[in-house]
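Below is one structure, written out as structure tokens, with a few remarks after it.
2 protein chains.
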Amino acid sequence: MPKAYLAGPDVFLPHVASIAAAKIALCARYGITGISPFNSDFAAGLPAQKLWRQIYEDDVRLMRESDLIIANLTPFRGASADAGTLVELGWFLGQGRPVFAYSNAVEDFAARTRAQIGVLPDPLPGIVVEDFGLADNLMIAGAVEYGGGGRLYRPEDGQARAFDSLDVFERCVAAAAALFKTTTKACC
Amino acid sequence: MPKAYLAGPDVFLPHVASIAAAKIALCARYGITGISPFNSDFAAGLPAQKLWRQIYEDDVRLMRESDLIIANLTPFRGASADAGTLVELGWFLGQGRPVFAYSNAVEDFAARTRAQIGVLPDPLPGIVVEDFGLADNLMIAGAVEYGGGGRLYRPEDGQARAFDSLDVFERCVAAAAALFKTTTKACC
Numbered sequence: 000m001p002k003a004y005l006a007g008p009d010v011f012l013p014h015v016a017s018i019a020a021a022k023i024a025l026c027a028r029y030g031i032t033g034i035s036p037f038n039s040d041f042a043a044g045l046p047a048q049k050l051w052r053q054i055y056e057d058d059v060r061l062m063r064e065s066d067l068i069i070a071n072l073t074p075f076r077g078a079s080a081d082a083g084t085l086v087e088l089g090w091f092l093g094q095g096r097p098v099f100a101y102s103n104a105v106e107d108f109a110a111r112t113r114a115q116i117g118v119l120p121d122p123l124p125g126i127v128v129e130d131f132g133l134a135d136n137l138m139i140a141g142a143v144e145y146g147g148g149g150r151l152y153r154p155e156d157g158q159a160r161a162f163d164s165l166d167v168f169e170r171c172v173a174a175a176a177a178l179f180k181t182t183t184k185a186c187c
Numbered sequence: 000m001p002k003a004y005l006a007g008p009d010v011f012l013p014h015v016a017s018i019a020a021a022k023i024a025l026c027a028r029y030g031i032t033g034i035s036p037f038n039s040d041f042a043a044g045l046p047a048q049k050l051w052r053q054i055y056e057d058d059v060r061l062m063r064e065s066d067l068i069i070a071n072l073t074p075f076r077g078a079s080a081d082a083g084t085l086v087e088l089g090w091f092l093g094q095g096r097p098v099f100a101y102s103n104a105v106e107d108f109a110a111r112t113r114a115q116i117g118v119l120p121d122p123l124p125g126i127v128v129e130d131f132g133l134a135d136n137l138m139i140a141g142a143v144e145y146g147g148g149g150r151l152y153r154p155e156d157g158q159a160r161a162f163d164s165l166d167v168f169e170r171c172v173a174a175a176a177a178l179f180k181t182t183t184k185a186c187c
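Here it is, written out as structure tokens:
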């Protein structure tokens, strides 16, 4: 079964354990082994300078073991996706491993950015707002489109989902499974 | 001369052309060819759906031509660095090409995140604030430390710089040049 690294700000949620388990179970229904960066084994009490490196090394190890990424790009603490998730997305693109992603939001990046600037003004006047009618920055849209995932999955009915909703994730998993099934057929 | 991809939200600045030229000139003083993603040739008037793909393809082409990345990770429209820059940072990490980065900010990620949440509340209660005393999300700190750059360069005197200031960038360029000089010596 292909292994999918389940990136996202899910790791910061108070109910991360149940979300990770639900995602792994959904993946299994589509013939994919979900690999969650959530690891409850990390030693509490480790000094911060050791702990963050341990998490980083563990995440990169899991990424290396994975055949593809399925990233939660729901905007997180700003107009764009979670920062760590974006580094991981880029890593898979750089490795030439398929990039799949979804978002529970429906508004375009430009609208979210303008709304945010209204509350937290830019550091200098005249900074451009990127506006291509995309779900996020064009490097993200490109990473997904050119990286194998085809498109960033969003709610089809135009209704934003709760931050931790999983129905759009499931559509994304189904698409990833279909790609791997096609790939397998094509090569054998 | 090693080629450095000069990633950053600089491309959104109203004076992007002069900033790009100044960065390229600084790189040249240290024996590095600066490659800026800023390209004034992009056809105005192209439909958005063509234009963003043209920019994406051009950026990836420039990244492929580059030996390393020097990324401007000054927080941009949120507590973290620019979203597109983070995808590019991850790409270089995934490619095994050296990752150098700087920020003109001095506050830690956790302090910035808490300040932002005070203005733009989280979508759910209880979401963790990552707090390891780092300049940004741990995947970013790790990408720079493990990716060859050693550390994320920040103002040494603890004084935040203007968003478009270049003195911290110059220290980062000097460090990148030193790495490539060492690498050249070691291999010949």
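Same order as they appear, the protein sequences are chains A and B.
Per numbering that gives the first Met the number 0, the first sequence starts with residue 0, numbered consecutively.
Per numbering that gives the first Met the number 0, the second sequence starts with residue 0, numbered consecutively.
Glycine is no exception: its CB is placed at the ideal position from the N, C-alpha and C atoms.
Identification of residues in the region 98-118 of chain B having a C-beta nearer than 8 Å to some C-beta of chain A yields Thr-112, Gln-115, Ile-116, Val-118, given in sequence order. Sequence-ordered contacts of the region 51-63 of chain B with chain A read Trp-51, Arg-52, Ile-54, Tyr-55, Glu-56, Asp-58, Val-59, Met-62 [C-beta pairs closer than 9 Å]. With the criterion set as a beta carbon lying under 9 Å from some beta carbon of chain B, the members of the region 150-178 of chain A are Ala-161, Phe-162, Asp-163, in sequence order.
The C-beta of Ser-35 (chain B) comes no closer than 8 Å to any C-beta of chain A. Ile-68 (chain A) sits in a strand when the DSSP states are folded into three classes. For Ile-68 (chain A) against Ala-19 (chain A), the beta-carbon gap comes to about 15 Å, at or over 8 Å, which does not count as contact.
Boundaries for Tyr-29 (chain B): no beta strand (DSSP E) harbours it, and the DSSP string shows neither H nor E there. Out of B:Gln-158, B:Thr-181, B:Tyr-55, B:Ala-134, the CA that lies nearest to the CA of Asn-71 (chain B) is found in B:Ala-134.
Taking 3 residues as the minimum length, the beta strand (DSSP E) runs contained wholly in the region 67-110 of chain B are 67-71, 98-101, in order along the chain.
For Gly-89 (chain B), the nearest CB of chain A lies under 8 Å from its own CB, placing it at the interface with that chain. In the DSSP annotation of this structure, the continuous segment of the alpha helix (DSSP H) that includes Ala-142 (chain B) starts and ends at 137-145. For Leu-5 (chain B), the three-state secondary structure derived from DSSP is strand.
Interface flag for Gly-30 (chain B) against chain A is unset, since no Cβ pair is found closer than 8 Å. By the Cβ criterion, the region 139-155 of chain B is not in contact with the region 119-130 of chain B, since fewer than three pairs of Cβ atoms, one from each stretch, lie closer than 8 Å. Taking the beta carbon of Asp-135 (chain A) as reference, the chain B residues within 7 Å of it are Ala-82, listed in sequence order. Listed along chain A are Ala-47, each with a C-beta nearer than 7 Å to that of Gly-132 (chain B).
Remark: C-beta atoms of Asn-38 (chain B) and Asp-66 (chain B) do not approach each other more closely than 8 Å. Ala-78 (chain B) reaches chain A at Arg-76, Gly-77, Ala-82, counting residues in chain order whose Cβ is nearer than 9 Å. Within the same chain, Ala-78 come within 6 Å of Gln-115 (chain A) by CB-CB distance, once the 5 residues on both sides are set aside. Ala-47 (chain A) and Phe-108 (chain B) have their C-alpha atoms roughly 14 Å apart. For Gly-125 (chain A), the closest C-alpha among the options B:Ala-110, B:Ala-140, B:Pro-13 is that of B:Pro-13.
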